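The listed protein sequences correspond, in order, to chains A and B.
Start counting the first sequence at 1; every next residue gets the next number (our numbering).
Start counting the second sequence at 1; every next residue gets the next number (our numbering).
Using N, Cα and C, we set each Cβ at its ideal position, and we do this for glycine too.
Predicted model only: the values in this text are computed from it and were never measured.
One structure is given here, and the rest of the page talks about it.
Protein chains: 2
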Amino acid sequence: MTNSILEGILENDHRILSRFISQIEFNNAVSEDLLIEMHQYTHKAIRIGITGPPGAGKSTLVDQLIQVLREDNKSVGVVAVDPTSPFSGGALLGDRVRMNRFIWDENVFIRSMGSHGDLGGLAKKTQDVGDVLAASGKDIVIYETVGVGQGEHDVAKAVDITVVVLVPESGDEIQLMKAGLIEIADFFVINKSDRDGAGRLATMLRSILHSFSKEDSVCPPVMNTVAAKGEGIYEFKKELMSHLDVMKEKGIYEEKLLQRHRDRVHTLVQERLLNEFWTSERMKHLEAQTESLDSIKSSPYEITHSLLDVNNGG
Amino acid sequence: MTNSILEGILENDHRILSRFISQIEFNNAVSEDLLIEMHQYTHKAIRIGITGPPGAGKSTLVDQLIQVLREDNKSVGVVAVDPTSPFSGGALLGDRVRMNRFIWDENVFIRSMGSHGDLGGLAKKTQDVGDVLAASGKDIVIYETVGVGQGEHDVAKAVDITVVVLVPESGDEIQLMKAGLIEIADFFVINKSDRDGAGRLATMLRSILHSFSKEDSVCPPVMNTVAAKGEGIYEFKKELMSHLDVMKEKGIYEEKLLQRHRDRVHTLVQERLLNEFWTSERMKHLEAQTESLDSIKSSPYEITHSLLDVNNGG
């Protein structure tokens with residue numbers, strides 16, 4: 001069974017890809033042996049993160065980017081990461097309509113991933129799904145964040161190059177810095193650049209980035225696009241790939257690769273430990289210690305001590 | 001020493017508050033015994049979360065809210081949570097300038113908290129600092145998120161009532177849902193409501209919230225303000241307090257209190273476990289297993305198995 005799923009993945013069988021990814025998304029007894037076997041096939045793909053505040057037109061930009069990559073005969077996988085919405089029971093697909101023009105293209109695979117209330121697990125699943133798409137032979141895997149929240153950091157940690165998409169109204173310097181986007185960005189795109197302030201924001205951003213750049217780091221490029229009109233897209237793709245080459249030359253690409261690898265192992269080890277710790281007996285103990293308003297009289301630190309001591313004693 | 005720090009906190013000695021909070025913020029050997037002793041004094045304060053996308057004018061709104069609360073003779077603590085910016089070496093204080101008019105008011109204590117690269121620890125520190133402000137006798141403790149990211153969920157989990165601040169341009173229904181703000185919001189404020197679309201957004205929001213409301217849940221109120229002009233602030237404060245009473249009547253307030261308590265214990269237990277697990281020997285082992293590009297050939301799942309097996313074997 002494992003072998004035929006792996007074969008299906010390697011052969012880019014969309015039906016099998018879809019089912020396996022659903023298993024991952026819904027925490028459905030995914031075979032780790034399979035993921036281990038699959039690992040060797042996951043190194044070729046270039047991983048690009050597309051992130052930034054809601055309303056910046058990320059989906060439109062990704063749609064246009066897929067188009068120009070297909071013109072270059074590249075195959076593309078997209079993982080749209082949506083940390084939200086137990087409401088919808090899954091990721092919102094409304095704006096995926098735009099990307100549906102690729103639905104019959106065997107060389108494009110698009111998937112939205114919801115958290116289903118398990119925010120902590122989303123980063124790991126995102127990386128696993130990206131690996132599956134890489135193993136299916138996709139030249140490029142795009143990770144797109146939907147909405148705000150932890151998603152941006154999760155994506156930045158999963159990719160080779162993180163693109164932050166802004167709009168001319170994002171203009172306040174303090175807002176940008178506060179948004180923490182400058183730390184994670186390898187590349188900036190100012191979309192909807194037919195609006196006022198587009199040029200001003202680009203100038204200001206280049207100036208901030210320059211003042212923050214250290215000696216052997218690389219300064220993130222800043223570009224303007226109007227994705228809805230298809231403007232600036234070819235230039236964006238060209239600059240993006242070119243900047244990735246620069247990051248490789250400077251060793252930054254390899255650093256990220258290694259760090260990513262380390263982080264994944266660290267996370268998996270911790271996950272395994274915690275799974276082993278939380279036996280149903282301990283869970284019940286925790287419930288009992290925190291089930292009534294009376295328990296609020298005790299400090300969380302106090303209750304923690306008692307829980308751990310009990311466990312050590314017996 | 002412990003006793004005199006606690007005394008200083010209970011007496012609202014700003015110098016002592018400031019130093020103790022710095023200890024918490026910089027992970028500086030904070031006495032858990034002190035936190036345990038302090039716990040009984042932390043129950044009186046009302047905890048309000050002010051969150052939402054950057055640029056919505058949250059700081060201005062908080063500043064105005066402090067003003068009207070002071071007119072009511074309430075004392076106020078503010079924890080401004082900034083998950084970002086190792087760049088600045090601490091939270092950005094630029095926009096705290098507005099709040100500096102309260103700097104000599106003994107009944108107002110404002111503190112910005114940065115993550116200093118330790119995003120995981122920020123939620124816990126935020127709650128601890130909020131508790132310190134509560135113990136100092138503050139009637140209201142406001143937790144304000146700065147920027148985007150995990151901060152919004154961390155704050156929502158720390159407070160009695162979460163206010164989401166939007167602007168008229170936040171109008172896209174899909175954006176709102178994607179942003180996951182609807183799930184965490186107990187109250188909506190549409191700030192900068194002198195701009196076009198303010199009324200439209202309020203109407204739309206009420207309509208969405210109504211369609212999602214379940215039978216015994218409470219529908220979040222939606223209000224318009226222009227904080228920079230001081231408009232709508234008295235009404236906001238009045239509605240906010242009134243809604244809190246409704247949440248108490250419906251038992252929602254107590255549910256949150258209990259859940260918050262449980263979550264804190266759960267988090268502390270896990271933190272203690274992981275601290276105990278990661279001995280320097282195991283850390284070195286992990287480093288060795290992930291230090292070169294060669295190690296990338298092995299799947300993270302594979303390396304995890306070997307790490308845990310080694311530990312179990314010896």
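It is roughly 14 Å from the alpha-carbon of threonine 304/A to the alpha-carbon of asparagine 275/B. Per DSSP, the continuous beta strand (DSSP E) segment holding threonine 162/B begins and ends at 161–166. The beta carbon of leucine 205/A lies closer than 7 Å to those of Phe188, Val222 in the same chain, with the five residues before and after it left out. A Cβ of chain A is located within less than 7 Å of the beta carbon of leucine 273/B.
Within the stretch 43–60 of chain A, the residues whose Cβ lies closer than 7 Å to any Cβ of chain B are, in chain order, Pro53, Pro54, Gly55. Closest option to lysine 297/B, judged by alpha-carbon separation, among Ile16/A, Lys44/A, Ser22/A, Val30/A: Lys44/A.
When DSSP states are grouped into helix, strand and coil, alanine 198/A belongs to the helix group. For arginine 195/A and alanine 202/A, the gap between their C-alpha atoms comes out near 13 Å. Note that the stretch 153–167 of chain A does not touch the stretch 14–32 of chain A; fewer than 3 beta-carbon pairs, one per stretch, sit closer than 8 Å.
Contact annotation: the stretch 241–261 of chain B does not touch the stretch 270–286 of chain B, with fewer than three C-beta pairs closer than 8 Å. Of the residues assessed, glutamine 259/B falls on the exposed side of the cut-off, its CB having fewer than 16 other CB atoms within 10 angstroms. For leucine 35/A, the number of other beta carbons within 10 angstroms of its own is at least 16, and it is reported as buried. With respect to chain B, the C-beta atom of arginine 111/A has no partner C-beta closer than 7 Å. Rounded to the nearest whole angstrom, the CA to CA distance from alanine 80/A to alanine 198/A is 26 Å. Separation of valine 78/A and valine 155/A (C-alpha to C-alpha, rounded to the nearest whole angstrom) is 12 Å. Judged by DSSP secondary structure, arginine 70/A falls within the alpha helix (DSSP H) whose first and last residues are 58–71. For tyrosine 234/B, the uninterrupted alpha helix (DSSP H) segment begins and ends at 233–249.
Beyond the five residues adjoining it in sequence on each side, aspartate 139/A comes within less than 8 Å, by CB distance, of Lys44, Ala45, Ile46, Leu69, Lys74, Ser75, Val76 in the same chain, given in chain order.
Going by DSSP, glutamate 287/B is part of the alpha helix (DSSP H) stretching over 280–289. Proximity of tyrosine 301/A to chain B, defined by a Cβ-Cβ separation below 7 Å, is satisfied. Neighbours of glutamine 23/A in chain B, taken as residues at a C-beta separation under 7 Å, are lacking, since the least C-beta distance is about 15 Å. Rounded to whole angstroms, isoleucine 190/B and glutamate 169/B show a C-alpha spacing of 10 Å.
For threonine 290/A, the chain B residues whose C-beta falls within less than 8 Å of its own C-beta are Leu258, His261, Arg262, Val265, listed in chain order. Glutamate 281/B is outside the set of residues whose beta carbon lies under 7 Å from a beta carbon in chain A. Spanning the alpha carbons of aspartate 160/A and glycine 130/A requires a straight line of approximately 12 Å. Distance from isoleucine 5/A to isoleucine 16/A at the Cβ level is roughly 6 Å; contact confirmed, criterion being Cβ atoms closer than 8 Å. Valine 218/B and threonine 51/B have their C-alpha atoms some 19 Å from each other.
For the pair isoleucine 9/B and serine 136/B, the CB atoms are nearer than the 7 Å cut-off. In this structure, the straight-line span from the alpha carbon of histidine 210/B to that of threonine 42/A is close to 46 Å. Sixteen is the threshold: since fewer than 16 other Cβ atoms of the shown chains lie within 10 Å of the Cβ of glutamine 40/A, the residue is exposed.
Going by DSSP, threonine 267/B is part of the alpha helix (DSSP H) stretching over 252–277. Less than 7 Å separates the beta-carbon of tyrosine 301/A from that of glutamate 32/B.
Under the three-state reduction of DSSP output, serine 75/A falls in the coil class, being neither helix nor strand.
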